[in-house]
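In full-length UniProt numbering, the protein residues as written are 1 to 568. Structure record follows, encoded as C-alpha cells.
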Amino acid sequence: MAPSTPSTPHGGGRAGSDGGSPAPTVATPGTYSLEDVIPGVKIFVRKPLPNGQEEQRKAEILSTRPKPKPSAFAPPPAPDAPPPDPRDDTEYYVHYVEFNKRLDEWVGGSRLIIDKEMEWPKAKEDDKKKKEKIGKVPSTPGSSTPSRINGSPRPSGSLLKKAATKAASAVGKAHPLAKGSSKGKIPSKRKGKDQPDLDDDEDEDQDEDDADSIDADGDISMIGSDGGTGGGKSQKGQGDEDGEGEIDLSGPINPQAAPKVFSKKQEIEKLRTSGSMTQSHSEVSRVKNLDKLQIGKHEVETWYFSPYPIEYAHLPVLYICEFCLLYYPSFTQLKRHRNKCNLLHPPGNEIYRHEDISFFEIDGRRQRTWCRNLCLISKCFLDHKTLYYDVDPFMYYCMTVKDDYGCHLIGYFSKEKESPEGYNVACILTLPQHQRKGYGRLLIEFSYELSKVEGKLGSPEKPLSDLGLLGYRAYWQEKIVELLLDSDDEISLEEIAQKTAITHGDIMHTCQALQMIKYYKGGHIIHLTDAVLEQHQKTMSKNRRSINPAALKWKPPVFSRAQLAFGF
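Here it is as C-alpha cells:
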C-alpha cells in the first residue's frame, strides 16, 4: 500500500488551544506517552551508528502507520530472533533535524525517547495570523492599482532564465575580459606570486578534511540539476525558501556582478544540514516508499520517494535487473527473468569505448520502457526530479563499465533533443554504489566533449542543485586553471570559452566564486592565487580517469519537425 501522508496535527488543547492563555509548546517528560506522538511533533530518537553505538537525535515526525505485515516474499524470521516489542506495532517516519533528508527512515515506537522533552507542532492559526500581519499593506484611497505585498510571488523562473541567458550572451561584448577588449587580456607573468600590488583577500584557510569529504577526485559523484526526469524542464522548488537564507545556486543573473561567495566548508555544511530538503513540497513525496534496491551484486539504500507501483511499496528489497532495469518483488522472480533476459548492455548505440568504460546513446522515444525505468531508479536518489514518464524529448547517455558478464550501468546524463537555452545536460546521476570513484567528473567531461563536437558552448540546466554546483564548479575550476597555466600568451574570455566549451557565464561565475578576478592598473585580470594553484596541484597529482576524445565515434543527431513533435 502507498505510504500514509502526514495528517493535520490536532491541537488537543496543546499548541494553540482555546483562546485563553497559550498552551505550552514543549511537553516535559512524564506528561505525554506514545499515543500523543502525532505528525508534526519533534522528539528525540535513538539512532544506531555504524560502530555499534547509539546516538540520540532530535527528529520531526512526518507520518505514522501501523506496522506493515510481512510480505509474502520476505524471508521468515530467524528462530532465535527476540519477540517483537508491542511498542513497534506503530511505526513513525522521522526526519532528523539538521541532517540531510536522505537519512529519513521509518522507526518503531521502541526507538522513541519519551523520557525527554517533546516539542508540539506549531498551531496553524498562529501561522495564518502571522501571514495576514505580514501581508497587510496600507491601501491608497482612490487607487485602483493593487499594491505589491511582501508575500506576493516573485517573477517566474522562465523570466529569470531569459534574463540569465541574455546576460550570458551579452558578456562577450560588455565585460572587460571579453575578446577585443584591451583590458581583457591575462598576462602570463601575473600568474602565481608575482602580484605584490593586488588586494588578495582570499580565504586560504580551507579545511582539508572537508575538501576531501566531497570526492576522491575533488568533485561530487552524485549530482543533478533541478529539473527533469531524464531531463525535464527546470522547476525551481525552493523559491519560497529564499527568505530563510537559501543560496542562489543558479549563478549570478548578471555575470559581471559578483555573486555571494561561500567557502567550500560553508557549502559542505549546507549540504549536510539541508541538501535538497526544500526541493519537493508534496507531502506524499516527503515519505520514501522503498527501503533498499538490489541492483546486480549491490544492495543500495534508497534516499527519496520514487513513484513505483503501489504493490511494490514497503517491500524490504526491490530486485532490479541491472541490464533491462525491470523490477521484481522477489529474488526468485528476478532469477527467472535473468534466465530469459538476453540484454547485456543498455539498448542503444555505443558511441565511446576506452579501456573498460563505454558510453551508449539511447533515444527516449525508441526505448520508452527502459528510459522510464531508469528515471524511476534515479528518482530514488534525486529528490528534485519532477517527471518520470515523459522521456520522448530526451537523449540518454549512459556510462557503463565492462567485465566478463556484460556492461554494467554506472551513471547517466540526459540531454534535450532541442534545447532553446542551449543546455547540454538536463539531469545527471552517478549511482550510489559507484560514487567516490571519479565517475561524476567523467560524466561532466563527456558532456562537454559532445558540445565540442557540436561546435557549441554548453552548460547544465539551471538552477543547479547544491551537489551539482560543487561538482560542476570543481570541473570548471580545473579546466580554466589548466588552460591558463598552459597558455604562454595573453588569453581572453572568449578564447577560454571556445577551447573548453564552457559558457561565458559559467566561467565568470567560477572565477568570481574563487575570487580570481582582480582589478589591476585600470583593467580586470584573472589572478591565480596560491590557494587555487595549490588545490590544482593536489587535484592533478591523483590518479584519475579522463575522456579520450579519439575514442569518441559520434555525430550530432538530426531530428525532423515530425520527430520533435511529442504529442503535447
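Beta carbons: idealized from backbone N, C-alpha and C, even for Gly.
Straight across, the Cα-Cα distance linking Ile547 with Ile410 is about 15 Å. Between Val94 and Asp104, the C-beta spacing is below 8 Å.
Burial state of Asp489 is exposed, judged by a 10 Å Cβ sphere holding fewer than 16 other Cβ atoms. By a beta-carbon distance limit of 8 Å, Val317 contacts Gln294. Their separation comes to about 5 Å.
Here the C-alpha atom of Arg544 lies approximately 7 Å from the C-alpha atom of Gly438. Looking at the DSSP output, Leu318 bridges to Leu293. The three-state reading of DSSP puts Ala59 in strand, counting E and B together. Scanning its chain for C-beta atoms nearer than 8 Å, with the 5 sequence neighbours on each side dropped, one finds around Glu445 the residues Tyr475, Ser546, Ile547, in chain order.
In the structure shown, the three-state DSSP call for Leu112 is strand. Per DSSP, the beta bridge partners of Tyr396 are Ile362, Ser414. Comparing C-alpha distances from Arg338 to each of Cys321, Ser560, Arg353 shows the shortest one belongs to Cys321. Assignment of Met516 by DSSP, reduced to helix, strand and coil, places it in the coil class.
In the three-state reduction of the DSSP assignment, Asn373 falls in the helix class.
Measuring C-alpha to C-alpha distances from Asn349 to each of Met395, Asn424, Asp356 identifies Met395 as the nearest. Trp303 sits close to Phe381, with the two beta carbons spaced by under 8 Å.
Counted as a single uninterrupted DSSP element, the alpha helix (DSSP H) harbouring Phe446 occupies residues 439 to 454. Ranking Ile517, Trp106, Glu494 by CA distance to the CA of Glu301 puts Trp106 first. Counting other Cβ atoms within 10 Å of its Cβ, Tyr308 reaches 16 or more and is therefore classed as buried. Going by beta carbons, Gln433 and His298 fall inside the 8 Å limit. Checking the DSSP bridge columns, you'll see Met118 partnered with Ala27.
By the neighbour-count criterion, in which 16 or more other beta carbons inside 10 Å mark a residue as buried, Gln53 falls on the exposed side. In this structure, Lys42 and Glu119 form a Cβ contact; the two beta carbons are roughly 4 Å apart against a cut-off of 8 Å. Collapsing the DSSP output to three states places Thr503 in coil. DSSP places Tyr93 in no alpha helix (DSSP H) but in the uninterrupted beta strand (DSSP E) bounded by 90 to 96. Ile310 and Lys542 have their alpha carbons spaced roughly 46 Å apart. Glu355 is not a Cβ neighbour of Leu564, given a cutoff of 8 Å. DSSP lists Ser414 as the bridge partner or partners of Cys427.
By the neighbour-count definition (other C-beta atoms within 10 Å, threshold 16), Asp115 is an exposed residue. For a cut-off of 8 Å, the C-beta gap from Val391 to Gly364 is around 4 Å, short enough to register as a contact. Under the three-state reduction of DSSP output, Arg46 falls in the strand class.
With respect to the 8 Å criterion, Leu374 and Leu325 are classified as neighbours on the basis of their beta carbons.
Separation of Leu528 and Pro420 (C-alpha to C-alpha, rounded to the nearest whole angstrom) is 34 Å. Straight-line measurement puts the Cα of Pro557 at about 20 Å from the Cα of Trp370. Across the structure, His536 and Ile517 are spaced so that their CA atoms are roughly 17 Å apart. Taking the Cα of Gln367 as reference, the smallest distance to any Cα among Leu450, Leu315, Tyr389, Gly30 is reached at Tyr389.
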